[in-house]
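> Adding 21 to a residue's 1-based position in the sequence shown gives its number in this note's numbering. I'd like to ask some things about the structure below.
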Amino acid sequence: RILVGRPYGNEQLSRTLLRKRVALPVYASDALSSAAYAPDEILLTLALAGVAAVTLSPWVGLAVIVVLLTVVASYRQNVHAYPSGGGDYEIASENLGRRAGLTVGSALLVDYVLTVAVSMSSAAQYLVTAVPVLHGQQGLLAAAGVIILMLVNLRGVKEAGSLFAVPTYLFLVSVLGMCAVGLFQAATGSLAQAPSAGFELRPEAGLDAGLTGLAGAFLLLRAFSSDAAALTGVEAISNGVPTFRKPKSRNAATTLLLLGGLAAAMLAGILALANLTKVHFVQDPATQLLQNGSPVRDYIQHPVISQLAETVFGDGSLLFYVVVASTGLILVFASNTAFNGFPILASVLAKDGYLPRQMRTRGDRLAFSNGIIVLGL
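Rendered as structure tokens:
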């Protein structure tokens, strides 16, 4: 009772349904949080071909934004046509057959597990950025975060959403605010250079000439596919339609529209600002970053958003810590999207006889507790 709370009766199910302003942090935090690591992926990939290739990052980001908005438009149709919560699994099953549906359902379940792992790992990395004394404890911190998130979700979907709403909106305001201030500084000529701007990039063998030839074309496509991490979690709302207040489909479609607009704005703003401040982000700083032709030693590389916050607001400033802390929190809460999507999808698969029937059981707080616990493990 201390961990989960007082049990609800089945007649209280309606009180657990979500308003749009709560549903956004519950189901969209995964997709929104991808703005924290998707730019890192594109810059990391393009850095393999040297400094000139990195300048193309905004164009790769624009291509991803086009795909993102296309996918959002598609899911807005899906939530009206398939409001039961099966999402892609139900769509594939009805239109392509059960085998295709099971393939999609299996892929989604695995994706939700990976979402928790990746988000918690990234969150631990941002926490170490803000609190360097914790360096080396990232694995323990991530595991503890998963356990806490599991316990919070066992208390109910609405309770978890209310708890995570403030940090999610804080992340949105802080990152979009940082982009706005940075672009204003650029327009007025007062924007500084990023901490990594002074370093040279050592291209990988075979990419010394930049993005020319077949190797360069494949690297550009790899950057696009890596940056497509920004699309992670868009499908979660289509799986969670039953948890919205009536009219369920319309509220879910509106939430999807908000998600698409906010995610596109953040991705565009971060990549534009990273290009203006000449942020360099590489896989191995000790070998890929050069200073006066020699490898850089003892340089601790921070994530892209951390470098931008330091550049725009100043290292150690209050706003710097607000941006870094809110980014770390949203990465933790991105896992919460999976804790909502996984149990609902598992319950649909159990209803169709493809998972144990216990996955259909609602717990004391009317959430699918067994699915939550399985995902946590």
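For every residue, glycine included, the Cβ atom is placed at its ideal position computed from N, Cα and C. This one's a predicted model, so the numbers in the text were calculated from it and none came from an experiment.
1) In this structure, how does DSSP classify S315 when only helix, strand and coil are distinguished?
2) How would you call N260, buried or exposed, if buried means at least 16 neighbouring beta carbons within 10 angstroms?
3) For the alpha helix (DSSP H) that I393 lies in, which residues bound it at each end?
4) Go ahead and pull the three-state DSSP assignment for E256.
5) Taking L352 as the reference, which of N31, V47, I23 and E111 has the closest Cα?
6) Is it right to say R400 is buried, meaning 16 or more other beta carbons lie within 10 angstroms of its own, or is it exposed?
7) Kindly indicate which residue of L339, E225 and V125 has the alpha-carbon position closest to the one of M7.
8) Can you check which of these residues, R40, Y29 and Y58, is closest to A250 by C-alpha distance?
9) Would you identify the three-state DSSP class for F341, choosing helix, strand or coil?
10) According to the Cβ coordinates, are L67 and A56 closer than 8 angstroms?
11) Whole angstroms is fine: what's the gap from D132's alpha carbon to A138's?
12) For L252, which of G82, V43, P28 and T332 has the nearest alpha-carbon?
13) Go through its chain and collect everything with a Cβ distance to V317's Cβ below 8 angstroms, but skip five positions before and after it.
14) Report all residues from its chain with a CB closer than 7 angstroms to the CB of Q304; omit the five preceding and five following residues, and keep chain order.
15) When the Cβ atoms of the segment 270-290 are set against those of the segment 86-93, are three or more pairs found closer than 8 angstroms?
16) So which of A151, G335 and M287 has the shortest CA-CA distance to L350?
17) Thinking just about the alpha-carbon of each residue, which of V325, R40 and V87 is nearest to the one in K267?
18) With H, G and I counted as helix, E and B as strand and the rest as coil, what does DSSP make of F220?
19) Do P18 and F354 have their C-beta atoms within less than 8 angstroms of each other?
20) Pull up the distance between the alpha-carbon of H156 and that of A145, whole angstroms please.
21) Under DSSP, the alpha helix (DSSP H) around F302 begins and ends at which residues?
22) I need the boundaries of the alpha helix (DSSP H) containing Q98, first residue and last residue.
23) For F239 and V300, what's the separation of their Cα atoms in angstroms?
24) Distance check for A49 and A257, CA to CA, integer angstroms please.
25) Can the beta-carbon of A121 be found less than 8 angstroms from the beta-carbon of A113?
26) Using only CA atoms, which one of G337, L228, A274 and T298 lies nearest to A70?
27) Could you check the C-alpha separation between N272 and V255 for me, to the nearest Å?
28) For L242, tell me which candidate among I23, G30 and V85 has the shortest Cα-Cα distance.
29) Could you give the DSSP three-state label for L387: helix, strand or coil?
30) DSSP beta-bridge partners for R265?
31) Apart from the five residues just before and just after F245, which ones in its own chain have a Cβ nearer than 7 angstroms to its Cβ?
32) Quick one: what's got a C-beta closer than 6 angstroms to R223's C-beta in the same chain, skipping five residues either side?
33) Candidates P60, V262, Q322 and N31: which alpha carbon is nearest N296's?
34) DSSP state of L310, grouped into three classes?
A quick look at the data gives this:
1) In the structure shown, S315 adopts extended strand secondary structure according to DSSP, grouped into three states.
2) Buried is the call here.
3) Annotation for I393: the continuous alpha helix (DSSP H) segment containing it runs S390 to G397.
4) Correct three-state label for E256: coil.
5) It is V47.
6) Residue 400 cannot be examined here, being either before or after the span of the chain that is shown, 22 to 398.
7) Any property of residue 7 remains undetermined from this structure, which presents the chain solely from 22 to 398.
8) The residue among R40, Y29 and Y58 with its C-alpha nearest the C-alpha of A250 is Y58.
9) Note: F341 maps to helix in three-state DSSP.
10) Not in contact: L67 and A56 (Cβ atoms no closer than 8 angstroms).
11) Here the alpha carbons of A138 and D132 stand approximately 10 angstroms from one another.
12) The shortest C-alpha to C-alpha distance from L252 to any of G82, V43, P28 and T332 is the one to G82.
13) Cβ within range, chain order: F220, P306, A307, L310 and L311.
14) So the qualifying residues of the chain are L65.
15) At 8 angstroms Cβ cutoff, the stretches touch.
16) Taking only the C-alpha atoms, the option nearest L350 is A151.
17) Check the Cα spacing between K267 and each of V325, R40 and V87: the tightest is with R40.
18) Three-state result, F220: coil.
19) With the chain covering 22 to 398 only, the question about residue 18 has no answer from this structure.
20) Near 9 angstroms, if we compare the C-alpha coordinates of A145 and H156.
21) Annotation for F302: no alpha helix (DSSP H) segment contains it, and DSSP assigns it neither H nor E.
22) The continuous alpha helix (DSSP H) containing Q98 extends over residues S78 to A102.
23) Taking the CA atoms as reference points, F239 sits about 23 angstroms from V300.
24) One alpha carbon belongs to A257, the other to A49, and they sit about 8 angstroms apart.
25) A contact, by the Cβ cut-off of 8 angstroms.
26) Ranking the options by Cα distance to A70, first place goes to L228.
27) Near 15 angstroms, if we compare the C-alpha coordinates of V255 and N272.
28) Answer by Cα proximity: V85.
29) It is coil, neither helix nor strand.
30) The residue asked about is misnamed: residue 265 is Phe in this sequence, not Arg. DSSP output for F265 lists L39 as bridge partner(s).
31) Correct list, in chain order: V81, A84 and V85.
32) The answer, listed in chain order, is Q309 and L311.
33) Closest option to N296, Cα to Cα, is P60.
34) The answer is strand: DSSP assigns L310 an E or B state.
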